[in-house]
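> Everything in the sequence shown is counted per the working numbering, starting at 100 for the first residue and increasing by one. No residue lacks a Cβ here, since even glycine has one placed at the ideal position from N, Cα and C. Keep in mind the model is a prediction, meaning the values are calculated, not measured.
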Amino acid sequence: MTAILVILEQRSGSLRKGTAELLGAARHLADQAGATVDALVCGSGPVSGLDGLGAVGADRVLTATHADFVHYCPDGIVATVASIASEYRAVFIAATSTGKDLAPRVAARLGSTCAMDVTSVASEGAMIRVVRPVYAGRALQTVDLAGTPVVAVRPG
100 MTAILVILEQ RSGSLRKGTA ELLGAARHLA DQAGATVDAL VCGSGPVSGL
150 DGLGAVGADR VLTATHADFV HYCPDGIVAT VASIASEYRA VFIAATSTGK
200 DLAPRVAARL GSTCAMDVTS VASEGAMIRV VRPVYAGRAL QTVDLAGTPV
250 VAVRPG
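This is the structure in C-alpha cells:
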C-alpha cells in the first residue's frame with residue numbers, strides 16, 4: 100500500500116474542472132508518506148487531457164473503458180475501484196455532487212471509512228489526518244483515518 104488512488108471525473112471525454120487541485124492534494128500526502136499517485140479515469144472512450152496529468156501530480160494514469168461509462172455509472176466505478184483498492188493506502192475523490200454520491204459507495208464496498216469535504220490532508224504515521232469544516236463552516240474538525248480511507252476533497 101504505497102500508492103494513493105485518485106478517481107478523476109470526466110464528462111463527454113473531457114476531464115472535469117478541479118482535476119489538478121485534487122491531484123495536488125493527493126501528491127501532498129504522497130510526498131509526506133513516500134508514496135506514489137495513480138489517477139483513475141472511467142470513460143466510454145478516449146478522454147482528453149490525460150497526457151498532462153503527470154505535470155500536476157500523477158505518477159501513473161489508469162483508464163477503465165466501458166460503454167456504461169458514457170454516463171455516470173456508480174456501480175461500475177465502484178466495482179472497478181474495489182477490484183484494485185487493496186493496492187492503495189487511500190482513495191481520493193473530488194467532493195463534487197458526483198463525488199459526494201460516489202465516495203460513500205466506494206467506502207461501503209471497501210468496508211472503509213469516508214471523510215467528506217476535506218480541506219487538508221497529512222500523513223501521521225500509519226494514519227491519514229484530515230481536516231474538514233463542521234457546523235456550517237464555523238468550526239474545523241480534525242479526524243485520523245486508518246485502513247484505506249476514502250477522502251472526498253472539497254474543491255477550491
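1. In this structure, does DSSP put E120 in helix, strand or coil?
2. Enumerate in chain order the residues of its own chain whose CB-to-CB distance from K199 is below 6 angstroms, with the five nearest sequence positions on each side excluded.
3. So L161 is in the beta strand (DSSP E); what residue range does that whole segment cover?
4. Over the uninterrupted alpha helix (DSSP H) stretch that includes R204, give me the two end residues.
5. Using the DSSP secondary-structure output, state which residues sit across from D137 in a beta bridge.
6. Return yes when the Cβ of V250 is within less than 7 angstroms of the Cβ of L239, no when it is not.
7. Could you check where the beta strand (DSSP E) with P232 kicks off and where it finishes?
8. Taking the C-alpha atoms as reference points, what is the distance between E186 and Y234?
9. Pull up the DSSP beta-bridge partners for Q131, would you.
10. State the start and end residues of the unbroken alpha helix (DSSP H) segment that holds V177.
11. Identify every residue that forms a DSSP beta bridge with D243.
12. Return yes when the Cβ of L122 is within less than 7 angstroms of the Cβ of V140, no when it is not.
13. Buried or exposed, going by whether 16 or more other CB atoms sit within 10 Å of the CB of A134?
14. What did DSSP end up calling G142 once you bin it into helix, strand or coil?
The relevant details are as follows:
1. In the structure shown, E120 adopts helical secondary structure according to DSSP, grouped into three states.
2. Correct list: empty, nothing qualifies.
3. Element bounds for L161: 159–164.
4. Looking at the DSSP string, the run of the alpha helix (DSSP H) that includes R204 is 196–209.
5. Per DSSP, L104, R159.
6. In this structure, V250 does not lie closer than 7 angstroms to L239 by Cβ.
7. Note, P232: beta strand (DSSP E), 226–233.
8. Using only the alpha carbons, I get a separation of about 35 angstroms.
9. Looking at the DSSP assignment, Q131 forms no beta bridge with any residue, so it has no partner.
10. Annotation: the continuous alpha helix (DSSP H) that includes V177 extends over 173–183.
11. Per DSSP, R228.
12. No, the pair does not count as a contact, with Cβ atoms beyond the cut-off.
13. It is buried - the Cβ of A134 has at least 16 other Cβ atoms within 10 Å.
14. Correct three-state label for G142: strand.
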